[in-house]
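For the record, the sequence lines run as chains F, L and P.
The first sequence maps to residues 1395 to 1593 in this note's numbering.
The second sequence maps to residues 3 to 390 in this note's numbering.
The third sequence maps to residues 65 to 225 in this note's numbering.
Even for Gly, the Cβ is constructed at its ideal location relative to N, Cα and C.
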Amino acid sequence: MSEEQDKGQKEEEAARQVVEPLPEQIAEALGDRVSEGGVLDGVVHITVPAEELADALRIVGFEIENSYSHLSDLCGVDRADCIEVVYHLFRPMSDEAVVVRVKLPRGNPQVPTATELWDTANWAEREAAEMYGVTFTGHPDPRPLLLPEDIQGHPMRKDWEYPEEHPYLSREPLHEDFPDVVGRVRVEAPPGREEEIEE
Amino acid sequence: MPVVRNGGRRDACPTTNSMETQTALPTEELLINMGPQHPSTHGVLRLVLTLDGERVVEAVPHIGYLHSSMEKIAEASTYQQYVPYADRYDYLNAMGNEFAYVRAVEKLCGIEVTPRCEYIRVIMAEMNRIASHLVYFGCLGLDSGAWTPFLYCFREREVVLQLFEDTSGQRLLYHYLRIGGLRNDLPAHFCDKLAEFLDYFPDRIKEYDDLLTYNVIFRNRLEGTGQLSQELCRRYSISGPNVRGSGIPYDVRRVVGYSIYPQLEFDIPTQEEGDAFARHLVRVEEMRQSVRILKQCLEKLPEGEINVKVPRKLKPVVGEVFERLESPRGELGCYLVSDGSEKPWRLHWRAPSFYNLQVLPELVRGAYVADIVIILGSIDIVLPDIDR
Amino acid sequence: MARAKKAITSTIAEAVVSIIKGHWVTLVNFWRPTVCERYPHKDKSLDYKPGPGYKGDFALITDKEKGRLRCIACQTCERSCPNGCIRVVPEGKGKERYPAEFYIDVGLCMNCGICVEVCPVDALTMTPDYECSVHDPRDLVRNIEQLTERGLEFDEVSRVK
Ligand code: SF4
Ligand code: SF4
């Protein structure tokens, strides 16, 4: 039963993976800037190298006819072997989408910012930067956005580990029957910082 | 507005009138913190304001006080386990969030739900839209100094919440939608109660209008405040009632036409002016449209099964989807990446408030301090939605 | 698009009309029934009980014929809970398997109801009790005695009808 299911699933997977070539308009406009591309389920997927990203976004977003000028979302994805930044572009007032992605090395990921094209990208890039450690070169305001200043590392990466010690989080279980339920906010002050809390 | 900075001091203040005596007086910019615990920031939002007298020169929002790692939690829980978490970040639109997440998973797995289930989901989403807009309406009244509409709005909202409670067992964070179906069918009295509510609710909206919307003080406060141009909307990817208040009829329900919305008749209300009052009118009209949608849904509600069979160990194929929905606050997106295992590899919320709040510094520049509260109320944000 | 400026006379006229209308609305509402409840000062008939299917505090259902808990200590609920707030300590083998200990940390629970749904023998239920507040967070951990006692009034899992 389970084997059959597996087989069925694989077939289905194969059926879904049919990639059609890029629409002519986009392929022509982008030329050889695209390193990978195709249409999957009616959505255009484009992968570009980091150097070409600014150009590619400008062309797809503004220069081609009927351009995809609505930047709906921008986020980072940890693909284990690389860090990806994904841009979801839509034609305004329609459901036609282009997904532009750029693959970056885990070591020192750097991409040019998209804030010149869309102000939308400002906070989204700040979020991706602190969560995945991506540097957006040329970003006007590269402060961390959501996380506290003293956090170590980039928590949305798959290899990030929960810190062993934290001044405000207790590792002691609240109840003896829930030994692995830890990390609640400390009620009392952490050792050595009592005065700080009292203030 | 031209700003001449001189090491934090300015000799000439462009906003006061240019009489010589006033120009000679040295004035200084003032830096004040609005929030995080401010009653009218609708949550924990901190605005650092640079003021020139009563006028705002610069506003810098600081967010993240309610960050709850919703996206990291998704990577540690199975597809089914994450549904209740989806409620928890935009709590005023819990059903809508579940709807977005569940739709994304179903698209990834190729699950088709039954027609009755689709109808009930849309009923829930629209009821949630009414409940959310009622909170907006009441809170904007509060922000502008009117207490009474708030109480009336919550009285009507209570009816909706009671229906939610009877159906899902909870009043705010429902966990009612399941992958491939629903928790249970509607309770026996649901349709009658809802029909009764829909009968008298449009009259109540008219009452609110008489009480608040067409009150001259309220109107004068809102008209011309927080002017949002179409250019700004485009640059900041504004969505929802905010963009419709600026004359762009962008509604994901129409544009994408997901679920059963193409079969339903409703209008997309728009206003041309782009100020706080225009956005307010759009939201009020949207409640009426939701009533219209709900009435059609109740009429057409088919009988039949609500659940399709879904394996308990749900393993979608490798792939990704980006599913967009119209939440009361705008375009809600759920980006889901699967690696073929039981747990999502990556989940990202395109939170409407997150992108709508970004435009705030532009809107409040040059406005009075008192208007910040109105502008913030009129773009209708929910802070957990921003911080996630 | 900016709005056109209005003449002061028409503003005054509008103001008078809107004040009258507003007062009329409040007057109408003055005669409508009160909906507020003075919770928790239950002075009138205000002991509100939610309907069946409400996701409140937990209970373990006793099989009255066999005189034992229905629970077979399969630990499915423990594994399915998103927050990890259930602990079941099984005892016995085969048909005789029963829970020696059963803890639910209500303080950690988010009342999602997954544990109730996954139970293969419908042994766990959520009840319409919603008043769970205590003074010490340690008291929020329900043990098997409390769960059994609350479950005595239930023959079946509480479901929406
Ligand atoms: S309550 Fe149900 S799921 Fe939990 S251990 Fe007992 S029988 Fe198993
Ligand atoms: S209701 Fe949800 S969170 Fe609470 S114990 Fe059951 S599964 Fe866990």
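Could you work out which residues of chain P lie near Asn186(L), taking near to mean beta carbons separated by less than 8 Å?
-> Chain P residues near Asn186(L): Gly117, Arg223, Val224.
Tell me whether Thr169(L) is buried or exposed, calling it buried when 16 or more other Cβ atoms sit within 10 Å of its Cβ.
-> Around the CB of Thr169(L), 16 or more other CB atoms lie within 10 Å, so the residue is classed as buried.
Burial state of Thr1531(F), where buried means 16 or more other Cβ atoms lie within 10 Å = Result: exposed.
Determine, using beta carbons only, whether Arg1578(F) comes closer than 8 Å to chain L.
-> Residue confidence for Arg1578(F) is low, a pLDDT of 49 falling below 50, so the modelled location carries little weight and cannot support an answer.
Look up Thr126(P) in the DSSP assignment and say whether it is helix, strand or coil.
-> Reduced to three states, the DSSP call for Thr126(P) is strand.
Whose C-alpha, out of Cys235(L), Leu283(L), Glu267(L), is nearest the C-alpha of Leu296(L)?
-> Taking only the C-alpha atoms, the option nearest Leu296(L) is Glu267(L).
Starting from Thr212(P), trace the beta strand (DSSP E) both ways and give me its first and last residue.
-> For Thr212(P), no beta strand (DSSP E) run applies; the uninterrupted alpha helix (DSSP H) run containing it begins and ends at 208–215, by DSSP.
Taking DSSP as the reference, what is the three-state secondary structure of Thr23(L)?
-> With a pLDDT of only 49 at Thr23(L), under the threshold of 50, the placement of this residue in the model should not be trusted; the figure read from the coordinates follows. If DSSP states are grouped into helix, strand and coil, Thr23(L) belongs with the helices.
Quick one: Cα of Phe1(L) to Cα of Cys141(L), how far?
-> This structure does not reach residue 1(L), given that chain L is present from 3 up to 390, and the question cannot be answered.
What residues in the region 1533–1544 of chain F have a beta carbon less than 7 Å from any beta carbon of chain L?
-> Of all residues in the region 1533–1544 of chain F, the ones placed with a Cβ closer than 7 Å to any Cβ belonging to chain L are Leu1539, Leu1540, Leu1541, in chain order.
So is Leu1424(F) in contact with chain L if we call contact Cβ pairs under 8 Å?
-> No, its Cβ sits nowhere closer than 8 Å to a Cβ of chain L.
Collapsed DSSP secondary structure at Thr1529(F) in the structure displayed | Note: Thr1529(F) maps to strand in three-state DSSP.
So Gly335(L) is in the alpha helix (DSSP H); what residue range does that whole segment cover?
-> Premise fails: Gly335(L) lies in the beta strand (DSSP E), 332–340, not in any alpha helix (DSSP H).
Can you give me the start and stop residues for the alpha helix (DSSP H) that Gly1470(F) sits inside?
-> Where Gly1470(F) is concerned, there is no enclosing alpha helix (DSSP H), although the beta strand (DSSP E) it sits in stretches over 1464–1472.
Output yes if chain A places a C-beta closer than 8 Å to the C-beta of Gly249(L); else output no.
-> Judged by its chain identifiers, the structure shown contains no chain A, and its protein chains are F, L and P.
Using a Cβ-Cβ cut-off of 8 Å (strictly less than) and excluding sequence neighbours within five positions of Val1505(F), which residues of its own chain qualify?
-> Around Val1505(F): Ala1444, Leu1447, Val1479, Val1496, Leu1498, Val1528, Thr1529, Phe1530, Thr1531.
Could you spell out where the alpha helix (DSSP H) holding Trp88(P) opens and where it closes?
-> Start and end: 72–94.
Quick one: which chain F residues come within Cβ less than 8 Å of Ile113(L)?
-> What Ile113(L) touches in chain F: nothing, since even the nearest Cβ is about 12 Å away.
Flag Ser355(L) as yes if its beta-carbon sits less than 8 Å from any beta-carbon of chain F, otherwise no.
-> No, its Cβ sits nowhere closer than 8 Å to a Cβ of chain F.
Taking Gln360(L) as the query, report the chain F residues whose CB atoms sit under 8 Å from its CB, ordered along the chain.
-> By Cβ distance, chain F contributes Asp1513, Thr1514, Asn1516, Trp1517.
Less than 7 Å between the CB of Cys141(L) and some heavy atom of ligand 1, yes or no?
-> No, the beta carbon of Cys141(L) sits no closer than 7 Å to any heavy atom of ligand 1.
Collapsed DSSP secondary structure at Phe356(L) in the structure displayed = Looking at Phe356(L) - three-state DSSP - the assignment turns out to be helix.
Contact list for Pro1503(F) against chain L, beta-carbon separation under 7 Å = Neighbours of Pro1503(F) on chain L: none; closest Cβ ~16 Å, over 7 Å.
Give the C-beta separation of Ile376(L) and Asp145(L) to the nearest angstrom, bearing in mind that I take them to be a contact with Cβ-Cβ under 8 Å.
-> That pair is a contact at about 6 Å.
In three-state terms, what does DSSP make of Leu142(L)?
-> If DSSP states are grouped into helix, strand and coil, Leu142(L) belongs with the helices.
Cβ contact (3+ pairs, closer than 8 Å) linking the region 87–107 of chain L and the region 294–309 of chain L = Result no; under three Cβ-Cβ pairs closer than 8 Å.
From Glu307(L) to Val161(L), what distance separates their C-alpha atoms?
-> Straight-line Cα distance between these residues: approximately 27 Å.
Would you say Cys179(P) faces chain L, with C-beta separation under 8 Å as the test?
-> No Cβ of chain L is located within less than 8 Å of the beta carbon of Cys179(P).
Over what stretch of residues does the beta strand (DSSP E) that includes Val107(L) continue unbroken?
-> Premise fails: Val107(L) lies in the alpha helix (DSSP H), 96–111, not in any beta strand (DSSP E).
Indicate, with yes or no, if ligand 2 has a heavy atom lying under 7 Å from the CB of Cys193(L).
-> In terms of side-chain proximity, the C-beta atom of Cys193(L) is found no nearer than 7 Å to any non-hydrogen atom of ligand 2.
In whole angstroms, what separates the C-alpha of Tyr370(L) from that of Ser70(L)?
-> The straight-line gap from Cα to Cα measures roughly 33 Å.
Specify, as a first and last residue, the run of the alpha helix (DSSP H) that Gly379(L) falls within.
-> Counting along the chain, Gly379(L) sits inside the alpha helix (DSSP H) bounded by residues 371–380.
Going by the C-beta, is Ile150(P) closer than 7 Å to any heavy atom of ligand 2?
-> Yes - ligand 2 has a heavy atom lying nearer than 7 Å to the Cβ of Ile150(P).
Measuring from the CB of Ser71(L), is there a heavy atom of ligand 2 at a distance below 7 Å?
-> False, no ligand heavy atom lies under 7 Å from that Cβ.
According to DSSP, what are the bridge partners of Asn35(L)?
-> For Asn35(L), the beta-bridge partners assigned by DSSP are Val50(L).
Residue-level contact to chain P via CB, Asn309(L), 8 Å cutoff = Not an interface residue.
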